[in-house]
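**Q**
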Amino acid sequence: METFKLSSKMEIVDLALYLPKHKALVIGDIHLGYEDALAAQGIMLPKTQYKRTIGRAERVFKTLGNEKKQVEEIILNGDIKHEFGRISEQEWQDALNFLAFLEKHCSKLTIIKGNHDKIIEPIATKRGHTVETQRALDDVLVCHGDVVPVNAQAFKTIVIGDAHPAVTISDGIASEKEKCFLVGKYGKSDLICMPSFNVMTEGTDVLEEKFRSPFLQQDLGEFEVYVASEEETMHFGKVKGLF
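Okay, here's the thing in C-alpha cells:
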C-alpha cells in the first residue's frame, strides 16, 4: 500500500487522510462497540472488530513510516463509538484502548464529536482529552459532517465523515461494494467526504441511497470518486459516470 496524492495538501492512506503540511492524520467513523449493538438485536458475531481496527490502523502508520512521513497529530473525526444513548461495556474497553494505542503514534490527539458520540466525554476525559466540534488547520476545516458549522464556508477545504460513502463494482457476474472518498464542492469550498474506518460494514452506496449529511444534500454527479482499499487507491472518475 502507498499513499495516494489527492492534492498538494491531502493524501489518501487507505481509509485515512494525511495532511503533510500539518503532519496530521484524519480517521473517522470507527463505531467501536458495533458487535454489542448487533448482539442486542440477536445477531451474534465473534468479537473481532477491535483487533481488525488496530491491524488496519497499524498498516496506515507503517505506510506513512515507509514513506518517511511523520504524524504529529491524529484527528478522530467523530463516531468513535456506536451506541447513541449509552456507553456499552465493550465501548468503554475498546475506545479507551484505542485512544491509548493512537497516543503512541502522535504528540497530539484531537477528538471531534460525532452524532453517535452523545456521551463520549467520559471516555475522552479518562484519557486526559477534551472533545471538540471541529478542528481548523489553516484553510482546512475538519468536522464530522452531521451538521454544518456556521463558519464552514470560510475555509477553502472542508473534510467530513458521517456519510460512509461506498460504490458497488460489478463485472456483470459478481458485484462488490467498496468504500470510497467523495471529492467535490460545498458552495465555494472544496469538500472531501471520507469513508468510514468501521471494519464491520461496507458503507452506503452513493448511487442507491440518500446521504443524511447536510453537506451532501445536493447533486453529487460532479463529485470525484476515489475507491480506497488496503492494497491501493483508485480514481473512478465522477459519480455521474458510474451509472
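Reading the sequence shown from the start, the letters are residues 1018 to 1260 in the working numbering.
Just so you know, even glycine gets a beta-carbon here, dropped at the ideal spot from N, CA and C.
#1: Looking only at its own chain, which residues have a Cβ that is under 6 Å from the Cβ of V1077, when we skip the five neighbours before and after it?
#2: Please confirm whether F1021 and E1249 have their CB atoms less than 9 Å apart.
#3: State the DSSP-derived secondary structure class of N1132, mapped to helix, strand or coil.
#4: What does the alpha-carbon distance come out to for the pair I1060 and A1074?
#5: Can you confirm whether the segment 1177-1184 touches the segment 1080-1098 when touching is taken to mean that 3 or more C-beta pairs between the two stretches lie within less than 8 Å?
#6: Got a sec, what are the start and stop residues for the beta strand (DSSP E) L1237 sits in?
#7: Could you tell me the distance, in whole angstroms, from the CA atom of E1225 to the CA atom of Q1087?
#8: Just how far apart, CA to CA, sit Q1107 and M1018?
#9: Do I1209 and F1198 count as a contact pair if the criterion is CB distance below 9 Å?
#10: Taking only three categories from DSSP, how would you classify D1096?
#11: Can you round the beta-carbon distance between L1036 and V1200 to whole angstroms, since I take them to be within the 8 Å contact cut?
#12: Do you know offhand how far A1229's Cα is from P1139's?
#13: State the Cα-Cα distance for the pair I1129 and E1247, rounded to the nearest angstrom.
#14: Just curious, the alpha helix (DSSP H) that I1140 is in, first and last residue?
#15: At what residues does the beta strand (DSSP E) containing D1207 begin and finish?
#16: Have a look at L1062, F1232, E1120 and flag the residue whose alpha-carbon is nearest the alpha-carbon of I1343.
**A** Based on what the coordinates show:
#1: Within the sequence shown, numbered from 1, the residue matching residue 1077 stands at position 60. Taking C-beta separations shorter than 6 Å and ignoring five residues to either side along the sequence, the partners of V1077 in its chain run V1030, D1031, A1033, following chain order.
#2: Taking the first residue of the sequence shown as 1, we reach residue 1021 at position 4. Taking the first residue of the sequence shown as 1, we reach residue 1249 at position 232. Against a cut-off of 9 Å, the Cβ pair of E1249 and F1021 comes out as a contact.
#3: Position 115 of the sequence shown, counted from the start, is the residue given in the question as residue 1132. Looking at N1132 - three-state DSSP - the assignment turns out to be coil, as it is neither helix nor strand.
#4: Locating residue 1060 in the sequence shown gives position 43, counting from the first residue. Locating residue 1074 in the sequence shown gives position 57, counting from the first residue. Rounded to the nearest angstrom, the gap between the Cα atoms of I1060 and A1074 is 26 Å.
#5: Touching, yes, given that three or more Cβ pairs across the two stretches are closer than 8 Å.
#6: The residue you call residue 1237 lines up with position 220 of the sequence shown. In the DSSP assignment, L1237 falls outside any beta strand (DSSP E) and carries neither an H nor an E.
#7: Reading the sequence shown from its first residue, position 208 is the one you call residue 1225. Reading the sequence shown from its first residue, position 70 is the one you call residue 1087. For E1225 and Q1087, the distance between alpha carbons rounds to 38 Å.
#8: Along the sequence shown, one-based indexing puts residue 1107 at 90. Along the sequence shown, one-based indexing puts residue 1018 at 1. When rounded, the distance between both Cα atoms is 31 Å.
#9: As a position in the sequence shown, residue 1198 is number 181, starting the count at 1. As a position in the sequence shown, residue 1209 is number 192, starting the count at 1. Annotated as proximal: F1198 and I1209, with beta-carbon spacing under 9 Å.
#10: Translated into positions along the sequence shown, residue 1096 becomes position 79. Of the three classes helix, strand and coil, the one that applies to D1096 here is coil, per DSSP.
#11: Sequence index remark: in the sequence shown, residue 1036 carries index 19 (1-based). Sequence index remark: in the sequence shown, residue 1200 carries index 183 (1-based). Going by Cβ atoms, the distance from L1036 to V1200 rounds to 15 Å, so no, they are not a contact pair.
#12: Locating residue 1229 in the sequence shown gives position 212, where the first residue counts as 1. Locating residue 1139 in the sequence shown gives position 122, where the first residue counts as 1. First, the amino acid is wrong: residue 1229 is Arg here, not Ala. Roughly 27 Å separates the two Cα atoms.
#13: Against the sequence shown, residue 1129 aligns to sequence position 112. Against the sequence shown, residue 1247 aligns to sequence position 230. When rounded, the distance between both Cα atoms is 25 Å.
#14: Counted from its first residue, the sequence shown places residue 1140 at position 123. Start and end: 1138-1143.
#15: The residue labelled residue 1207 in the question sits at position 190 within the sequence shown. Per DSSP, D1207 belongs to the beta strand (DSSP E) from 1206-1210.
#16: Here the chain has residues from 1018 to 1260 only, and residue 1343 is not among them.
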